[in-house]
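This report refers to the structure that appears directly beneath it.
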Amino acid sequence: MLKNHLKIAWRNLIKDKTSSLINLLGLTVGITVCIVILIFVQYESTFDAYHENSDRTFRVVQHNQLPNQVLYWNTTAYPLAEALRNDFPEIDKVTQVAGPFTRTFQIELALDKKVLFEEPDVMFVDAFYSQTFDVEWLAGNETTALTGMNSIVLTERLAQRYFGFDASSYQSAIGQPILLQGKDPLTVTGVVKNPRGNSDHQYGALVPYEFFKKNNPYFSGNWSGNYQGTTYLALNAIDQKTGVESKIANWKSKYLNPQDNQRISYYLQPITEIHNETLYGPSPGGYIMPKGILKMAAVVAFFILFIALINFVNLVTARSHARSKEVGVRKVMGSSRMQLIAQFVWENCLIILLAAILSIALTQGLLEVLNNNLTIIDLNLKFKGIHLLFVALLIVLATVVAAIYPAMVLSGYQPIRALKNKAQNTQNLTGELRKTLVTFQFVLVQLFVIAAIILAFQMDYFSTSELGFNRQAVVITENPNQEKATVFREKLLTEVDVSKVSFGSGPPMAVNGIQLGTNYRLPEQAETEALDAEMKIGDIHYLDFFGLELLAGRNFTKNKETFDEFIVNETLLKSYGWTPSEALGKTIQINEGQATIVGVVRDFHNNSLQYEISPCIILNWTYFMQNGFIQLRNTNPKSLENIKDTWQATYTNSIYKRQFFDDAIAKEYAVERLTFAGFGTFSVLSISLGCLGLFGLMSFIVAQKRKEIGIRKVLGASVLENIVFFSKKYIRLVALSFLIATPLVYYGMDQWLETFTYRIQPSIWMFLFGGVVTFLIALATCSFQSIKAARANPIHALKEE
Amino acid sequence: MLVELNNIFKWVQQGGQRIFLLKDINLKVEEGEFISIMGPSGSGKSTLLNVMGMLDTFDEGEYDFLDEPVHKLKEKHRANLYKQYIGFVFQAYHLIDELTVYENLEMPLLYKKISGSERKSLVADMLDRFNIVGKKDLFPTQLSGGQQQLVGVARALIGKPKLILADEPTGNLNSKQGEDIMKLFQKLNNEGVTIIQVTHSEKNAEYGKRIINLLDGRMV
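Here's what the structure looks like:
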């Protein structure tokens, strides 16, 4: 019987090639997209879950209570780890990590053949690190590799790149010398596997924490500062979390000074939640994928699948008319309803299965494309055995939703009526259902289209809105040696293409995650009243270079070892209620020292547009001038090449890096760009799927109504009238779906835009534009089929039967 | 007694009025009979045939099939009854286009849960008997109307029914093809199969041993 079912299913598939192809194509695309998104969601929501102890491992986070706000930090004072280790027997392991930082390695391949590498991901970890987290050792002694002072553990990737070792020869990497930062000799003590893609711990090399402490004695002994130490701990059991947290709350006074003790509180954040929680931000080197985005992605995945399934249901039920005779014959020949249902379910399952198989192949290709081409975030998605389970679940879902219902409809036909080709009672019902489904489908389509349009405008706003400073054709380079800055500047200014040069801690808008923080207060105020501010160091050309406008006062005259002048922004003045001219001459205390305000600049966006402008202080210091800024007259490759040559001639023994300021700003909107790219793709996809379905549906309806068209034509209806007659029913549904989608998408996008401090106001024509585009595409699709039918010779249509 | 209809009425409501499709039909059919039902269009011939075939219901009266009271049986039971004892032949043949001649013949057996080997021999017998072995792998659309109806009759016979109901079996055929089918019916009847056919043609009706005339749902 099964063989018979499959046989006839296959013959039907072949016989009706167009609709089979539409069904297969639509379902394949729907299932593929759904699986790819689900794999992405699974990947992004299981970061660091692979560690053996992941369920009882936590990151220690810090809440910092300021007078007007709470700051959430994912780093803690460096001595915390050791103190916890000594005082808490219930904590299994405590480990602390500094970095990843950028460091240079010098390798001596042969006598007089030295090669310099720069690695952005050198992490300093203590000996407990590999006991807390899963690190796979390929060579070296796991317990002692990170205890020595001058050791270095390389990942496979670096061992291969530096020495050309492979799996068979990692052992010989042990003992190789590496010169760190051109001065500290290290010895390779181990080789480990590259960290997995779905981990926030992305390191290229591990260097002992002791080494870091030795070189940074001030930081590593300081309890009050917040110096980028990330503390992780593994409890003996997961249920100890609240107990340990409250014990820490009482215990911390042992080490913290009274003010800090009041200000600072520690909490434990499960490591599996780090990647999806925006509050504390990513650990250095990682990125955050907010839970909300993942939930939305999952919803989108099922929306796309539903659009495809609706096509399927509609096509199958529409086709049922053509099958009614068969139902009649089979019933008369003795088939029971259950047997017919089984037959049609099998038939539909065949298409679903085919689509699923095609999807698996397609998914693998698509993941490859995503891994290679998605530059916004670094993905390493793979199709694994577990994902077959996804596919299986989708098949079941598709069968339940899309195969069983049409089978019930078909099998319900009355045999005599079916044989006489009379309209079935169920026909009306399926007609109504079809209308509902098409409407629902186009509601989803319009959601995507309108959302994509609004997103596009917000993205455009990000990239074109006035930020309060100059950012065109600005190149940022590093300034590894402050003493050579003046020479570099003089040399550059002789270039034709360079108009201005300046040095500073960073550009006006914080990019690449670098922002210097400090606290500020009036000298007479208590430390507890200090507020949070951003600190920038700029040379005397900084204001002019970026076009920051002075509202009162003057620019710096000289940068000094001990700074004595501040230029502040308007936002900072608000905390004291000063006008710009009142502020001049006032003295302010920050963590690093005291100075007088000599100038006030107009507010500029010192944070990317998701966030508000924050208080900002510019110092006339000579420290932290890590970056050089170069204004180009034109950005041809030659002028960039000249800068590179000048740079390398000035700063010998360093590695040249440059970045356009515009590009750096664009990176600040990575998640938004990803969302936009997603919605852009999905809107195109959903509109294609929706129209594919409409196309299939129209071809059936037109086929069914050939006779009616014939009669209308004989009675004098024009081609156009016939087209209108057929298209209007479904076009009306598209219009209706627009009315339903508009408030939904308005609400959703309003919520999304709320998350940005600076945003566009969605206007009515953005919605109308989306509606009209969808409408026109749908209209074109409908007309295509009906034109064909309307132009056909009526004689042929009427002669039948 | 194979079929016994007592005071059968069937009607539809139209605009508050009862339109009678069958009016007080009384009919007894013995095994081995060959009956032709005649009458003008709309006289209720097909309806009567469908009622006897249990494909259609009636509103009043009693129907005994092999002494089973059909009017009291549940749908499922009724289906089992006709599955077992009745074979249908249609004017438009109603073969399934996607199945070959062989598969079309096999189909009713599938629904009777007959084993594979037995199905094979039954289909082979039938192909043999109707002399269509050479056509077994063709699809219905590749056959002439007469050949299609031949397959239709073969399909009706394959389940070894006691009764064949044929609704204008020659309506779509030319006179030569129609004559062949009628001769076949006569032969089958001689072999003991009970046949009831609906027909327009006086000539074809003559093949029956008894003729029933219907007019406006009544036997005349």
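Chains as they are written, first to last, in the numbering used here: chain R, 201 to 1001; chain S, 2 to 221. Think of the CB as a built atom: it goes at the ideal place given N, C-alpha and C, for glycine as much as any other residue.
Beta-carbon spacing of residue i, residue j below 9 Å
i: S:K46; j: S:I38; result: yes
i: S:L128; j: S:R120; result: no
i: R:G299; j: R:F412; result: yes
i: R:S699; j: R:R833; result: yes
i: R:E244; j: R:H475; result: yes
i: S:E5; j: S:Y86; result: no
i: R:W753; j: R:I737; result: Inspection of the sequence shows that residue 753 of chain R is occupied by Gly rather than by Trp. No, the Cβ-Cβ distance between R:G753 and R:I737 is not below 9 Å.
i: R:P708; j: R:F746; result: yes
i: R:M489; j: R:V919; result: no
i: S:L96; j: S:Q178; result: no
i: S:G40; j: S:L185; result: no
i: R:F879; j: R:A555; result: no
i: R:L897; j: R:V638; result: yes
Simplified DSSP state of residue i, which is helix, strand or coil
i: R:G565; result: helix
i: R:M659; result: helix
i: S:D60; result: coil
i: R:H521; result: helix
i: R:S839; result: helix
i: R:K620; result: coil
i: S:Q143; result: helix
i: S:R211; result: strand
i: R:M735; result: strand
i: R:S963; result: coil
i: S:P170; result: coil
i: S:M228; result: With chain S covering 2 to 221 only, the question about residue 228 of chain S has no answer from this structure.
i: R:H205; result: helix
i: S:G43; result: coil
i: R:P1016; result: Absent from the model: residue 1016 of chain R. The displayed extent of chain R is 201 to 1001, so no value can be given.
i: R:Y432; result: strand
i: R:Y418; result: helix
i: S:D181; result: helix
i: R:Q306; result: strand
i: R:L316; result: strand
i: S:E203; result: helix
i: R:G443; result: helix
i: R:T295; result: strand
Per DSSP, the bridge partner or partners of residue i
i: S:W12; result: S:F21
i: R:V407; result: R:F324
i: S:I36; result: S:I197 and S:R211
i: R:R721; result: R:Q789
i: R:A1020; result: In the structure as shown, chain R starts at 201 and stops at 1001, and residue 1020 of chain R therefore has no counterpart that could be examined.
i: R:W821; result: R:K760
i: R:C816; result: R:E734
i: R:P470; result: R:F258
Rounded distance between the beta-carbons of residue j and residue i, thought under 8 Å
i: R:N719; j: R:D732; result: 6 Å
i: R:L748; j: R:V801; result: 5 Å
i: R:F648; j: R:F882; result: 5 Å
i: R:N827; j: R:S705; result: 7 Å
i: R:L316; j: R:I855; result: 7 Å
i: R:F583; j: R:Q564; result: 5 Å
i: R:Q831; j: R:A673; result: 6 Å
i: S:R156; j: S:L106; result: 5 Å
i: R:F188; j: R:S937; result: Given that chain R is displayed from residue 201 to residue 1001, the structure contains no residue 188 of chain R and the question cannot be resolved.
i: R:L346; j: R:Y329; result: 7 Å
Which whole runs of the beta strand (DSSP E) in the segment 333-392 of chain R are 3 residues long or more, in chain order? 337-340, 351-355, 377-380 and 384-392
Curious, which full-length beta strand (DSSP E) runs of at least 3 residues does the segment 221-290 of chain R contain? 257-265 and 270-273
At which residue ranges does the segment 626-713 of chain R contain complete alpha helix (DSSP H) runs of 4 or more residues, listed in the order of the chain? 685-693
Taking the runs of the alpha helix (DSSP H) that are 4 residues or longer, which of them lie wholly in the segment 534-606 of chain R? 537-573 and 585-598
Counting only runs of 4+ residues fully inside the segment 900-948 of chain R, write out the alpha helix (DSSP H) ranges in chain order. 906-914
Just list the beta strand (DSSP E) runs in the segment 845-887 of chain R, keeping only unbroken ones of 3 residues or longer that don't cross its boundaries, in chain order. 858-860
Pick out the complete beta strand (DSSP E) segments inside the segment 84-130 of chain S, 3 residues or longer, and give them in chain order. 87-90
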